[in-house]
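S.K.:
2 protein chains.
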Amino acid sequence: MNTLMTSTESRVLAEVADQISDDLARRLRCSEIAPLLEEAISYCLLSGGKRLRPALVLLSAEATGVDRSIALGPACALEMIHTFSLVHDDLPAMDDDAMRRGRPTLHVQAGEATAILAGDAMLSMAFEWATDVAVEPGAIVRIVRELATATTDMISGQVYDTIGGLPTELTDEQRLQIIQRTKTGALLRAACRMGAICGEADPQTEEHLVAYGEALGEMFQIVDDLLDVTQTAEHVGKATGKDLEAGKLTSPGVVGIDKSREEVERLRQRAHAALAALGAEADPLRSLCDEMAVRTR
Amino acid sequence: MNTLMTSTESRVLAEVADQISDDLARRLRCSEIAPLLEEAISYCLLSGGKRLRPALVLLSAEATGVDRSIALGPACALEMIHTFSLVHDDLPAMDDDAMRRGRPTLHVQAGEATAILAGDAMLSMAFEWATDVAVEPGAIVRIVRELATATTDMISGQVYDTIGGLPTELTDEQRLQIIQRTKTGALLRAACRMGAICGEADPQTEEHLVAYGEALGEMFQIVDDLLDVTQTAEHVGKATGKDLEAGKLTSPGVVGIDKSREEVERLRQRAHAALAALGAEADPLRSLCDEMAVRTR
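Protein chains in written order, with our numbering: chain A, 340 to 636; chain B, 340 to 636.
(1) I need the straight-line Cα distance from Val-355 of chain A to Val-594 of chain A, nearest angstrom please.
(2) Can you find the residues in the same chain that come closer than 6 angstroms, C-beta to C-beta, to Ala-540 of chain B, ignoring five residues on each side of it along the sequence?
(3) Using three-state DSSP, classify Arg-484 of chain B as helix, strand or coil.
(4) Tell me whether the beta-carbon of Cys-383 of chain A lies closer than 7 angstroms to the beta-carbon of Leu-445 of chain A.
(5) Compare the beta carbon distance of Ala-610 of chain A and Ala-554 of chain A with 7 angstroms and say whether it is the shorter of the two.
(6) Got a sec? Which residues, its chain only, sit under 6 angstroms from Met-533 of chain B by beta carbon, not counting five neighbours each side?
(7) Starting from Arg-442 of chain A, follow its DSSP beta bridges and name the residues at the other end.
(8) What do you get for Pro-506 of chain B, buried or exposed, if any count of 16 or more other CB atoms within 10 angstroms of its CB means buried?
(9) Classify Pro-623 of chain B as buried or exposed, calling it buried when 16 or more other Cβ atoms lie within 10 Å of its own Cβ.
(10) In whole angstroms, what separates the C-alpha of Gln-519 of chain B from that of Leu-391 of chain B?
(11) I think Leu-566 of chain B touches Arg-636 of chain B, with their Cβ atoms under 8 angstroms apart; what is that distance to the nearest whole Å?
(12) Please name the residue in B:Cys-369, B:Arg-350 and B:Glu-378 whose C-alpha comes closest to that of Ala-394 of chain B.
(13) Using a Cβ-Cβ cut-off of less than 7 angstroms, list which residues of the region 418-450 of chain B approach chain A; keep chain order.
(14) Which residues, in order along the region 461-482 of chain B, keep a beta-carbon less than 7 angstroms from a beta-carbon of chain A?
(15) Starting from Tyr-499 of chain B, find everything on chain A with Cβ-Cβ shorter than 7 angstroms and list it in chain order.
(16) For Ala-452 of chain B, go through chain A and note every residue whose CB falls closer than 7 angstroms to its CB, in chain order.
(17) Leaving out the 5 sequence neighbours to the left and right, which residues in its chain are closer than 8 angstroms to Arg-600 of chain B when beta-carbon positions are compared?
(18) Given that a residue counts as buried once 16 or more other Cβ atoms are within 10 Å of its Cβ, and exposed if not, what is Leu-509 of chain B?
(19) Is the Cβ of Ile-494 of chain B closer than 7 angstroms to any Cβ of chain A?
(20) Would Ala-487 of chain A count as contacting chain B if we go by Cβ distances under 7 angstroms?
(21) Rank A:Gly-552, A:Ala-437 and A:Lys-581 by C-alpha distance to the C-alpha of Arg-607 of chain A and give the top, closest one.
(22) I want to know whether the region 404-424 of chain A touches the region 463-474 of chain A - three or more CB-CB distances under 8 angstroms.
(23) Among B:Gln-516, B:Ala-454 and B:Ala-632, which has the Cα closest to the Cα of Thr-501 of chain A?
(24) Since Lys-598 of chain A is in the alpha helix (DSSP H), which residue starts that stretch and which ends it?
(25) Might you give, ordered along the chain, the residues of its own chain that have their beta carbon closer than 7 angstroms to the beta carbon of Ile-479 of chain A, omitting 5 neighbours on each side?
(26) Does DSSP classify Glu-475 of chain B as helix, strand or coil?
(27) Among the residues of its own chain, which have a CB less than 8 angstroms from the CB of Phe-559 of chain A, if the five just before and after it don't count?
(28) Taking Cβ-Cβ distances shorter than 8 angstroms, what residues in chain B pair up with Leu-376 of chain A?
What follows is the structure, encoded as structure tokens:
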């Protein structure tokens, strides 16, 4: 169901999603883990999803002029990190979500202990997969560090968002920005940097791609927040209206719906500007950001 | 309290424990994470503990003839992995333990959401720390892979031990061996291999150290199982008699107390034999294994 959704919403993601899903399935089959873990991880990892993060890794590598396939290991690693975070965020002690991508969440399906352990295993397996890339070892070490710091940043963001702990003197807008940059932004930025490293990009090109990832990440979160207040759960495929209910900071909640929409357009342009020095190899990234600005789920 | 315990029980661990604890504290202070996470991780990470795994990394590096300090990054990484696994294993949905090292477990102290997220953060931070070592990048990549596969193996072992899923045709003894080799054995073996890589050991020396780690790991678990049936909780510092209560497979449960004690001695000798080709630099490892064979907590 979700794959169909994706293909109608983003031509660019539809084009790479199958390659990513096939590679995720192959890596999972080859892994030597407890069969119960493999089953649990397969349930979450191969149930659709946009594949936005791994796609960004592949397309950022491609934008540097190499074949996108070189970046499949790090791309799959990043999708594992994203999936682990969804599984743990859904747990009863966290967001307590019963549905994800139109199906019962893992802890509902297989029990809480399995969900905790499967999330942990996805996190550590990601670091095996991240090193599976044919670039020189120094570049692999950089990929590992980027993946690790981005994951830690994402977890910090989750803490700020669900537990708190940000300095009280910050305005809501400042808090929202910190949460966005860590919770969602860190992995999207890392995706672009990891792709650039896989393509052995020069430092300037790498920074252009990271700037693109930052703008896209901020835009993505605002669109997500807008969908949470404007769309039905059935359409989006997960519970909506939850942010408001949980008293979470969101862009429409802090600056209003109209200003959030303006911000989306401003960030879309900033993402394009970041790619100005890159050639036609970066066209899929350009199209992707246009598509993400107008997505409805 | 625990540090005192350690120093009376193992001279070798007492000698390196402070260096490890200081470095753990320093790395944690330097990390840019949510303050609530830092506090939670500090609560678990700096509350004593034997420091057996990081000590094995340092002493294995030393056994190859280099200064042990070179291996501090990977050593601290491994202690983070061990500590994350304790935090998640203690969760209500897992072993549901209220006490650890004589203090309330993290989820009792700070809440379940914090315990889940702090565990996750320790896991990802470990991979940052693991790359902080002054050897050539190819060796760092090997360290990362070893840490990742060992962590995944440990999680598989935890699944076998608490949820199950091992083939039904295996005997209890075979199941116990698989659980031991994954749940406890994987990290202890990895400790020795990571130390060997930090010391840029030749392949043969590396295999000797790994063989030592395997024997020590198996011995360590049997001693742990023996303590669970023969010692009081107050003396050991955590709940005892729990394995029996939970119906878990243990060495004394499967082969009896006397045969378990014989096995400890056999493994102690095997650990010594593995080091036969190494010089006096490996003496701390030799003493450590003797001390671990007779520990009472």
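All residues carry an ideal CB built from backbone N, CA and C; glycine is no exception.
M.R.: By the coordinates alone:
(1) Start at 1 with the first residue of the first sequence, and residue 355 of chain A comes out as number 16. Start at 1 with the first residue of the first sequence, and residue 594 of chain A comes out as number 255. Between the alpha carbons of Val-355 of chain A and Val-594 of chain A lies a gap of roughly 35 angstroms.
(2) Taking the first residue of the second sequence as position 1, residue 540 of chain B is located at position 201. For Ala-540 of chain B, same chain residues with a beta-carbon under 6 angstroms away, outside a window of 5 residues either side, are Thr-403 in chain order.
(3) In the second sequence, residue 484 of chain B corresponds to position 145, counting from 1. Of the three classes helix, strand and coil, the one that applies to Arg-484 of chain B here is helix, per DSSP.
(4) Working through the first sequence from its first residue, we reach residue 383 of chain A at position 44. Working through the first sequence from its first residue, we reach residue 445 of chain A at position 106. By the CB criterion at 7 angstroms, Cys-383 of chain A and Leu-445 of chain A fall inside the cutoff.
(5) Numbered from its first residue, the first sequence carries residue 610 of chain A at position 271. Numbered from its first residue, the first sequence carries residue 554 of chain A at position 215. Going by C-beta atoms, Ala-610 of chain A is nearer than 7 angstroms to Ala-554 of chain A.
(6) As a position in the second sequence, residue 533 of chain B is number 194, starting the count at 1. Once the five neighbours on either side are set aside, the close Cβ partners of Met-533 of chain B are Val-396, Pro-413, Ile-482 and Glu-485.
(7) Reading the first sequence from its first residue, position 103 is the one you call residue 442 of chain A. For Arg-442 of chain A, which the question treats as bridged, DSSP gives the partners A:Arg-439.
(8) Position 167 of the second sequence, counted from the first residue, corresponds to residue 506 of chain B. It is exposed - the Cβ of Pro-506 of chain B has fewer than 16 other Cβ atoms within 10 Å.
(9) Taking the second sequence and counting its residues from 1, one reaches residue 623 of chain B at position 284. Pro-623 of chain B should be labelled buried.
(10) Position 180 of the second sequence, counting from 1, holds the residue named residue 519 of chain B. Position 52 of the second sequence, counting from 1, holds the residue named residue 391 of chain B. Near 16 angstroms, if we compare the C-alpha coordinates of Leu-391 of chain B and Gln-519 of chain B.
(11) Start at 1 with the first residue of the second sequence, and residue 566 of chain B comes out as number 227. Start at 1 with the first residue of the second sequence, and residue 636 of chain B comes out as number 297. The Cβ separation is near 7 angstroms, so the contact holds.
(12) Your numbering for residue 394 of chain B matches position 55 in the second sequence. Of the candidates B:Cys-369, B:Arg-350 and B:Glu-378, B:Arg-350 places its Cα closest to the Cα of Ala-394 of chain B.
(13) For chain A, the residues of the region 418-450 of chain B that bring a beta carbon within less than 7 angstroms of one of its beta carbons are His-427, Leu-430, Ala-432 and Met-433, in chain order.
(14) Only those residues of the region 461-482 of chain B whose C-beta falls short of 7 angstroms from the nearest C-beta of chain A are listed: Leu-462, Ser-463, Met-464, Phe-466, Glu-467, Thr-470, Pro-476, Gly-477, Ile-479 and Val-480.
(15) The residue you call residue 499 of chain B lines up with position 160 of the second sequence. Taking the beta carbon of Tyr-499 of chain B as reference, the chain A residues within 7 angstroms of it are Ala-373, listed in sequence order.
(16) Translated into the one-based positions of the second sequence, residue 452 of chain B becomes position 113. Within chain A, the C-beta atoms nearer than 7 angstroms to that of Ala-452 of chain B come from Ala-432, Met-433, Thr-501 and Ile-502, in chain order.
(17) For the purposes of this step, residue 600 of chain B is taken as residue 261 along the second sequence, with counting starting at 1. Answer for Arg-600 of chain B: Leu-565, listed in chain order.
(18) Translated into positions along the second sequence, residue 509 of chain B becomes position 170. It is exposed - the Cβ of Leu-509 of chain B has fewer than 16 other Cβ atoms within 10 Å.
(19) Your numbering for residue 494 of chain B matches position 155 in the second sequence. Residue contact check for Ile-494 of chain B against chain A: a CB pair falls below 7 angstroms.
(20) Looking up residue 487 of chain A in the first sequence gives position 148. Yes - at least one Cβ of chain B is within 7 angstroms of the one on Ala-487 of chain A.
(21) In the first sequence, counting from the first residue as 1, residue 607 of chain A sits at position 268. A check of alpha carbon separations from Arg-607 of chain A across A:Gly-552, A:Ala-437 and A:Lys-581 identifies A:Gly-552 as the nearest.
(22) Inter-segment contact for the region 404-424 of chain A and the region 463-474 of chain A is present: three or more beta-carbon pairs are separated by less than 8 angstroms.
(23) Translated into positions along the first sequence, residue 501 of chain A becomes position 162. Selected option, being the one with the closest Cα: B:Ala-454.
(24) As a working note, residue 598 of chain A is residue 259 in the first sequence. It spans 596-613 - the alpha helix (DSSP H) in which Lys-598 of chain A sits, taken as one unbroken run.
(25) On the first sequence, position 140 is the one that residue 479 of chain A refers to. Thr-470 and Val-472.
(26) Locating residue 475 of chain B in the second sequence gives position 136, counting from the first residue. In the structure shown, Glu-475 of chain B falls within a coil segment according to DSSP collapsed to helix, strand and coil.
(27) The residue you call residue 559 of chain A lines up with position 220 of the first sequence. Setting aside the 5 residues that flank it on each side, Phe-559 of chain A is surrounded in the same chain by Leu-391, Thr-523, Leu-527 and Met-631, each with a C-beta closer than 8 angstroms to its C-beta; the list follows chain order.
(28) For the purposes of this step, residue 376 of chain A is taken as the residue at position 37 of the first sequence. Ordered by position in chain B, the residues that pass the 8 angstroms Cβ test against Leu-376 of chain A are Ile-494, Ser-495 and Val-498.
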